[in-house]
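There are 2 protein chains.
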Amino acid sequence: MRNIKLTISYKGTAYAGWQFQKNAPSIEEALLDAIHQVTGEVVKLYGAGRTDAGVHAQGQVANFTTASRIPPERFALALNTKLPRDIRVMESHQVPEDFHSRYSAVGKIYAYTLYTAPIESPFYWDYTWHIREVLDLRAMDTAARAFCGEHDFRGFMSTGSAVKSTVRRIDTLTIEDHSPEIQLTIQGNGFLYNMVRIITGTLVAVGMGKIKAEDIPGIIESGDREQGGITAPAQGLMLKKVIYSQ
Amino acid sequence: MRNIKLTISYKGTAYAGWQFQKNAPSIEEALLDAIHQVTGEVVKLYGAGRTDAGVHAQGQVANFTTASRIPPERFALALNTKLPRDIRVMESHQVPEDFHSRYSAVGKIYAYTLYTAPIESPFYWDYTWHIREVLDLRAMDTAARAFCGEHDFRGFMSTGSAVKSTVRRIDTLTIEDHSPEIQLTIQGNGFLYNMVRIITGTLVAVGMGKIKAEDIPGIIESGDREQGGITAPAQGLMLKKVIYSQ
Chain H
86 MRNIKLTISY KGTAYAGWQF QKNAPSIEEA LLDAIHQVTG EVVKLYGAGR
136 TDAGVHAQGQ VANFTTASRI PPERFALALN TKLPRDIRVM ESHQVPEDFH
186 SRYSAVGKIY AYTLYTAPIE SPFYWDYTWH IREVLDLRAM DTAARAFCGE
236 HDFRGFMSTG SAVKSTVRRI DTLTIEDHSP EIQLTIQGNG FLYNMVRIIT
286 GTLVAVGMGK IKAEDIPGII ESGDREQGGI TAPAQGLMLK KVIYSQ
Chain U
86 MRNIKLTISY KGTAYAGWQF QKNAPSIEEA LLDAIHQVTG EVVKLYGAGR
136 TDAGVHAQGQ VANFTTASRI PPERFALALN TKLPRDIRVM ESHQVPEDFH
186 SRYSAVGKIY AYTLYTAPIE SPFYWDYTWH IREVLDLRAM DTAARAFCGE
236 HDFRGFMSTG SAVKSTVRRI DTLTIEDHSP EIQLTIQGNG FLYNMVRIIT
286 GTLVAVGMGK IKAEDIPGII ESGDREQGGI TAPAQGLMLK KVIYSQ
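Just so you know, the sequences run in chain order H and U.
Counting from 1, position 116 in the first sequence corresponds to residue 201 in this note's numbering; the numbering is continuous, with no gaps.
Counting from 1, position 102 in the second sequence corresponds to residue 187 in this note's numbering; the numbering is continuous, with no gaps.
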């Protein structure tokens, strides 16, 4: 048996999320169907992270074991002939038996895109959060720095997932001004459920002057979900990359 | 009565094109519906150019006359509350009585975007033409220069529209390399039916080595549609701007 690692890009708009669901289309189901068509096998697919409905991915990772003799690098091409147009396997490789997309990951990079203009874009509304106000990017930069480092992020988590620890490390959090688009990029060793979207909502609240940048350390320390900003909408979020040590 | 000029952006994917059709959704119909809801009037809407099914616009222009007392600049906001998300009125102004979106136009700018990569993008396939081959951009640049100036473009026109003259002037035709995206931008005093898409298809044929750049002047002169490249697919085309003298 071979362990095959897939790197997958998808537009999440038409899906109920990564995870298989009985009565709604999921990315996982589309991939399982394609793998079944290509190999004849019903496999178990291990994804690096569950993206929610409407969330996109450029570099999602998943792995599965197969008895198929298809050369590992050929899976990308073969699966793409069976997949819908909004899901593409960018690469496929054979990896060691003990590689697990989720447990072997040492970090992740997410991007969140804001679209700041009086009128919403008719082109990119399924990739951005439309903000009518002009944001104070300098204040957002100051606030962003306060999130970096290791913190207990229990106040920046939606309920609905059981985790042992709510301590996570954010390595970098940058804000790039490509007006009218503002792109947030966040890299960390792991993220709690909705953590990126709540941090984004909090940074936008800072940009609007509703939360002060200097209050961020206290808000993190409070562990109180009520003190942060709203959970930014799903469509602006993109899983950019899953990081592995080798 | 006031003559109101609208500047409109839209994603054309879900529409059968600009022009009203009885059994298919059109941009024109969506705008007429919105104008009716806002003013109570059934107006005649004059568009600067008919975009085909799947073609997008950033700066389409249309005008209509109205007895409504809504301040001209407010139409954009008012219409946007009634329009679907993939159509936005970016600006609205009162213009002189004799302004006509089509007949007053002195030029147009179109962009065409190619996506050159082995694997199609799951994000931008409704905005780009996917090309697997690596294109020879230098040869395409040489070919592009041959299109500039005033020529009889009867060989770069699809049948289906009656025109008095097939002579048009191309002012600029540039090719920008933002790999994997390649953007063609073309400005001229007017374009025949499918002219931008046939020129694009011909330039791509040059980029693939199927047509030689130095043969372009002869192909234009021949007036023979068979000698050019294919008609590039609709989804890569964007009407960027309609130019008026004042």
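The beta-carbon is built from N, C-alpha and C at its ideal position, and this holds for glycine as well.
Predicted model only: the values in this text are computed from it and were never measured.
| Item | Value |
| --- | --- |
| What beta strand (DSSP E) runs, 3 residues minimum, are completely inside the segment 178 to 234 of chain U? | 190 to 201, 214 to 216 |
| Short of 7 Å Cβ to Cβ, which residues in the segment 165 to 196 of chain U face chain H? | 165, 170, 171, 172, 173, 175 |
| From 303/U, 138/U, 203/U, 95/U, pick the residue whose C-alpha is nearest to that of residue 147/U; which is it? | 95/U |
| For residue 279/H, which residues of its own chain have a beta-carbon under 7 Å away from its beta-carbon, when the five flanking residues on both sides are left out? | 242, 243, 316 |
| Scan the segment 221 to 296 of chain H and note each continuous beta strand (DSSP E) run of 3 residues or more that stays entirely inside, going in chain order. | 234 to 237, 252 to 263, 266 to 273 |
| Per DSSP, what kind of secondary structure is residue 87/H in: helix, strand or coil? | strand |
| Please return the same chain residues whose Cβ sits closer than 6 Å to the Cβ of residue 174/H, not counting the five positions on each side in sequence. | 91, 93, 161, 164, 165 |
| I'd like to know whether the C-beta of residue 100/U is nearer than 8 Å to at least one C-beta of chain H. | no |
| Could you tell me which whole alpha helix (DSSP H) segments of length 4 or greater appear in the segment 129 to 181 of chain U? | 160 to 165 |
| Indicate whether at least one CB of chain H lies closer than 8 Å to the CB of residue 318/U. | no |
| By the 10 Å Cβ neighbour count, where 16 or more other Cβ atoms means buried, how is residue 245/H classified, buried or exposed? | exposed |
| At what residues does the beta strand (DSSP E) containing residue 327/U begin and finish? | 322 to 329 |
| Around the C-beta of residue 188/H, are 16 or more other C-beta atoms found within 10 angstroms, so that it is buried, or is it exposed? | exposed |
| Pick helix, strand or coil for residue 125/U, following the three-state DSSP scheme. | coil |
| Check the Cβ-Cβ distances between residue 207/U and every residue of chain H, and say whether any is below 8 Å. | yes |
| Under 6 Å Cβ to Cβ from residue 221/H, same chain only, skipping five residues before and after it: list those, please. | 292 |
| Which residue from 195/H, 216/H, 286/H puts its Cα closest to that of residue 202/H? | 216/H |
| Could you tell me the boundaries of the alpha helix (DSSP H) in which residue 313/U lies? | Per DSSP, residue 313/U belongs to no alpha helix (DSSP H) and is neither H nor E. |
| Does the CB of residue 325/H have a neighbour CB from chain U at under 8 Å? | no |
| Rounded C-beta distance between residue 197/U and residue 281/U? I'm assuming under 8 Å. | 6 Å |
| Just to confirm the assignment, what range does the alpha helix (DSSP H) spanning residue 302/H have? | 301 to 307 |
| Going by C-alpha to C-alpha distance, which of 302/H, 180/H, 212/H sits closest to residue 98/H? | 212/H |
| Are the segment 178 to 194 of chain U and the segment 133 to 152 of chain U in contact at 8 Å, needing three or more beta carbon pairs? | yes |
| By the criterion of Cβ-Cβ separation under 7 Å, what are the contact partners of residue 96/U in chain H? | 207, 208 |
| Hey, is residue 204/H's beta-carbon within less than 8 Å of any beta-carbon in chain U? | yes |
| So, are the CB atoms of residue 240/U and residue 304/U less than 8 Å apart? | yes |
| For residue 150/H, collect the residues of the same chain with a Cβ closer than 6 Å to its Cβ; drop the 5 residues on either side in sequence, then sort them by chain order. | 86, 88 |
| Whose C-alpha, out of 253/H, 285/H, 238/H, is nearest the C-alpha of residue 259/H? | 285/H |
| For residue 115/H and residue 169/H, what's the separation of their Cα atoms in angstroms? | 8 Å |
| Below 8 Å on the Cβ atoms is my contact criterion, and I expect residue 275/H with residue 325/H to pass it. Report the Cβ-Cβ distance as a whole number of Å. | Not confirmed; about 15 Å, so no contact. |
| Do residue 253/U and residue 232/U have their beta-carbon atoms positioned less than 8 Å apart in this structure? | no |
| Specify the secondary structure class of residue 101/H as computed by DSSP and reduced to three states. | coil |
| In angstroms, rounded to a whole number, what distance separates the CA positions of residue 129/U and residue 323/H? | 43 Å |
| Inspect the beta-carbon positions of residue 190/U and residue 298/U and report whether they are closer than 8 Å. | no |
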